[in-house]
Structures are given as C-alpha cells and as structure tokens.
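In terms of our numbering, the sequence shown opens at residue 580 and continues consecutively. Worksheet: one structure, shown below.
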Amino acid sequence: MSKDNSSLPVGTILKGKYRIVSHLSSGGFGKTYLAVHGSHDTKVAIKEFFMNTANLRESDGVSVSVDRTKENANAFKSQLSKFKKEYERLRLISNVHVVTVCDCFEENGTAYYVMEYVDGDDLKGRLQQRRIPYSEKTVRNYLRQILDGLSAIHSVGLLHLDIKPANIMVTARGYVKLIDLGSSKDYMKGIGATLFTGMAITNRYAPSEQVDGSFEKLGPWTDFYALGATIYYLLTCNEIPTWTALNEDKTRDKHIALPMPGVSDEMRCLVAWLMNTDREKRPHSVDEILTRMESKKWTGSSYDDTTVLAGDTEDATVFVENPKIQYQSNGSQQGESYRLPNDRNSTPRQNPIQEKEPEFSFVGCLYILIIIAIVVFVVKFLFMT
C-alpha cells in the first residue's frame, strides 16, 4: 500500500460494484488500486488511466480533468484510446501464469480496467527477505513458468516490457504470475511496437532499444533481456549495472561481464545469451529458449567477439565464437562446443551437472598411513622377538 494525494479515496465505488480498498502503486500513465467486487467481496486490482503530465484530480477527489493546453488534451485523447485498445488485446490472454484482465469501462473522465488480484509475494520481496540467492533448481522452476506466461503474451501480439522480480508474483501454492501489464505494447513483426501508452523503463532491466526509445526495434528479445537480468538477480542477489554503465565507451557489440559465483556453465551461458547487447543475437521466441533448455546445449557460442563470464576480467577465461558452430532451426547445434570454468574462489551449488568425485581424499590417505604404520610396527616387533 502506498500514499498518493491524487489517488482515488478509499471507499470510492466504480461502475456501481467495485469498492476501492487501497492504492497499490502509481506510474507515469496510471494508478493501480486494490478493490473488492460484489457482495462476496472478491478482491480485484483496478488500473486507472491517469497521465501525470496531463491529468488533474478534481475537487471531488474522483473526477479526472485534463490540463488546459491543446497539446495535453490531444495527448490524453490519443493515449486513452490506445489504453482501451490494449485492454482488448490483454483480455485475449488466458494463461495461469499471467494475471487475468476481466473488465474495462469509462467513468469519471477516464478509463479503468479490472484485473485478477494475485495474493502472494513478488520475487524481489521474497529474495530481500531470504538474503541468499535461490538455488538453480528453484530458478529453473520459476523460469519455465515465466516463459509459459511470456509465450501467451507474445502469442497475442503483445510485449510485456517491464519484466523484473517486482513484477513476478508467487502464490502460496508456488504458482508464478506475471503482473503489471500496464507497460505492455502491441507488437507486429517487422514493424515493432505500434501502440504506445507510455513505457516503463526500469534501470538495469531495460536493454538499449528500450532505453533509447527505439520503439520500432522492440520485440520479444526486449522481454528476454529483462528476463536474463531477472535470472541473474535471483541467482546472485545482485542487480546488474545500468545500461549506461555497461556501455560507457559506446561499444554496442561488447558483451556483459557477469560474475556469477557457484552458477553452472549452462545457466551462465543462458543468461549471457538472453542479455546479449546485440538484440539480433538474443533469442527471438520462447520456443527457441525452451529448445536450448531441453537439449541442454547451452554451452555453444552464438555470440560475436567474446563473452566474459568469470569474476575477474583481467585474466578471465573467455568464451570465443567457433565459426564451425551452426544452429539449426530445431535448436540443435553442430561443431565444437565450449564449456566455461566456474568463477574462482566460488563454491558450486547443486545443479544437474554431476562433478567427478576425487579419487583420493585426505581421510582416505590418513587411513592408509595408519595401516602402513601398524604393519611396520608389527614387522619390527616380530624381528625383535
């Protein structure tokens, strides 16, 4: 719950059946509320279209007006229309891992849409409470559910454009749900984002095409960059540097150095692929990612130049592209593949890779020495007698 002087008062009734319980959050183009619906007090979330740069709350505390300039009036009219069109796309999504959008209406001089309220915790809050990274097993479980949700979003021609731990809810039963679709955009292959009602840009999770505002360059790969940054956060408890910090020298084909102590080579390669600074070299579909995951062939390079994944860049082992590698349409690869060493001074977590047990241990050697000593003592005793 948060405070906002321009938010609807608690107790406000919308469409004659939704009662506002609290204000949840605000963005540049909308406010989200917790509300209850009907006599059974079913919880729902309601998104109100409200442009911070153009809208004002009237003295009644409910009605929305537009700042009196022609530019603001035109902007509000255009964005409001797109807000309603995006609802029509959002309601087509039917997936257990995506919050359900169930109603849309105009009232009080603006528009609202009603969503399923997810009773659970977001991944950022959970990790902050844990204070230790998630295991790879848990992250893989979350990842498959997130990918299923993203596949449903992309299948109706939308992009989420604000994937981050705070927008990924986990219910008490362990189900993952993607929330905050207010930044989602209509996307058409070859055209890019065509509907624009304001795009949230979260530092550290937005790639170059999003930071630069190059809407024609947006695509599923934009969501996958944010997904890679999310995986990195869950596995390390650290957020990556901002895009500006990563590209101070303006070298766009430079890859990201990501220290990931204790994380398997496969997972590190997946993160590097998702977060490639060249959007053309990121995966372009969920199916492409799932194919790589299922084949477990994450260690082949699909990157230009070098990808440094060790903790110390000055003497890190690098992953260099092999020109013999060719990725087929089914996700398989031919030619050599490389494996990345674990970060130095790190303790590997449990993961699907079975490490070879050492042939000798300290305890074993100690036992052998004791046995030898006993034998020598017995032999000497026999000779003395």
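From the three backbone atoms N, C-alpha and C, an ideal C-beta is built for every residue, glycine too. Given the structure is predicted, the values throughout are model-derived calculations rather than measurements.
- By the Cβ rule, the region 787-804 does not count as touching the region 695-715, because fewer than three pairs are nearer than 8 Å.
- Judged by DSSP in its simplified three-state form, MET846 adopts helix.
- The beta carbons of GLN658 and MET630 sit about 6 Å from each other, so the pair counts as a contact at 8 Å.
- For VAL677, no beta strand (DSSP E) run applies, since DSSP gives it neither H nor E.
- Unbroken beta strand (DSSP E) runs of no fewer than 3 residues, entirely contained in the region 719-754, are found at 747-750, following chain order.
- For ILE868, the enclosing alpha helix (DSSP H) covers residues 865-874.
- Taken atom to atom, the span from the alpha-carbon of PHE962 to that of SER843 is near 57 Å.
- The distance from the Cβ of HIS739 to that of LEU729 is about 7 Å, consistent with a contact at the 8 Å cut-off.
- Separation of the CB atoms of GLU818 and ARG783 is rounded to 5 Å, and the pair is thereby assigned contact status at 8 Å.
- With respect to LYS594, PHE684 sits close: the two C-beta atoms are nearer than 8 Å.
- Between the C-alpha atoms of ALA731 and ARG858 there is a straight-line separation of about 21 Å.
- In this structure, the CA atom of ASN855 is about 35 Å from the CA atom of ALA654.
- The continuous alpha helix (DSSP H) containing VAL790 extends over residues 787-790.
- Between VAL755 and ILE747, the gap from beta carbon to beta carbon is short of 8 Å.
- Shown here for ALA652: same chain residues with a beta carbon closer than 6 Å to its own, the five before and five after excluded, namely VAL645 in chain order.
- Of the residues assessed, LYS596 falls on the exposed side of the cut-off, its CB having fewer than 16 other CB atoms within 10 angstroms.
- Per DSSP, the unbroken alpha helix (DSSP H) holding ASP802 starts and ends at 799-815.
- Cβ neighbours of PRO820 within its own chain (closer than 8 Å, five residues either side excluded): ARG783.
- DSSP places ALA652 within a helical segment (H, G or I) once states are collapsed to three.
- C-alpha of THR648 to C-alpha of THR679: approximately 36 Å in a straight line.
- VAL623 is not a Cβ neighbour of ALA633, given a cutoff of 8 Å.
- In the three-state reduction of the DSSP assignment, GLU685 falls in the strand class, which pools E and B.
- Between LEU706 and LEU813 the beta-carbon gap is near 6 Å, inside 8 Å, which marks them as a contact.
- Residue burial annotation: ASP639 is exposed, with fewer than 16 other C-beta atoms found within 10 angstroms of its C-beta.
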